[in-house]
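Novice: Please read through the structure below; I'll follow up with questions.
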Amino acid sequence: MLLIKCPYCEDERPELEFRNAGEAHLVRANPIVDQSDDDFAAFLYFRQNPKGLQFERWRHIHGCGRFFNAVRDSVSDKFLTVYKAGEPKPNVEQLVTRGTTPAEAVVESPAPRTPRTKKAEA
1 MLLIKCPYCE DERPELEFRN AGEAHLVRAN PIVDQSDDDF AAFLYFRQNP KGLQFERWRH
61 IHGCGRFFNA VRDSVSDKFL TVYKAGEPKP NVEQLVTRGT TPAEAVVESP APRTPRTKKA
121 EA
């Protein structure tokens, strides 16, 4: 079973709780009305499908329901890192401190988060 870590829930959950939402970091042209039909069709329907590392958008459907981005190796199906939607695209070369494949990679841990405070009881 493939385990995926949600950056919002901060927990690894089975892949059945998640849905792939396609390629991440798509650049949309402004304004769309100035694009040709062929260019718009290419943007809407055609996606890269490289062998190796891919930047993907995922949604934690059966959990928090939020979207997040992930760097996944399409060959081994291993996740190199996950990060919240809206955060900048990570530099993959900086994430991998040793090894040549995600299976051998040591991923730098993010800084620890400060715990949330609970509302004071009245």
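Take the sequence shown: its position 75, counted from the start at 1, is 75 in full-length UniProt numbering, and no numbers get skipped.
We put the beta carbon where it would ideally sit given N, CA and C, even for glycine.
Keep in mind the model is a prediction, meaning the values are calculated, not measured.
Could you tell me which whole alpha helix (DSSP H) segments of length 4 or greater appear in the region 51-88?
Specialist: With a minimum length of 4 residues, no continuous alpha helix (DSSP H) run stays inside the region 51-88.
Novice: Report buried or exposed for N91, applying the criterion of at least 16 other Cβ atoms within 10 angstroms of its Cβ.
Specialist: Counting from one through the sequence shown, the residue named residue 91 turns up at place 91. Exposed, by the Cβ-count rule.
Novice: At the level of alpha carbons, what is the spacing between R13 and N49?
Specialist: As a working mapping, residue 13 is identified with position 13 in the sequence shown. As a working mapping, residue 49 is identified with position 49 in the sequence shown. Cα to Cα, the separation comes out at about 25 Å.
Novice: Here's a check: name, in chain order, each residue in its chain whose Cβ is nearer than 6 Å to the Cβ of A29, leaving out the five neighbours to either side.
Specialist: Taking the sequence shown and counting its residues from 1, one reaches residue 29 at position 29. Closer than 6 Å at the Cβ level, and outside the excluded window around A29, lie Q35.
Novice: Can you look up E12 in the DSSP assignment and give me helix, strand or coil?
Specialist: Reading the sequence shown from its first residue, position 12 is the one you call residue 12. In this structure, E12 counts as strand in the three-state DSSP scheme.
Novice: With DSSP collapsed to three states, give me the class of L26.
Specialist: Sequence index remark: in the sequence shown, residue 26 carries index 26 (1-based). L26: coil per DSSP, three-state reduction.
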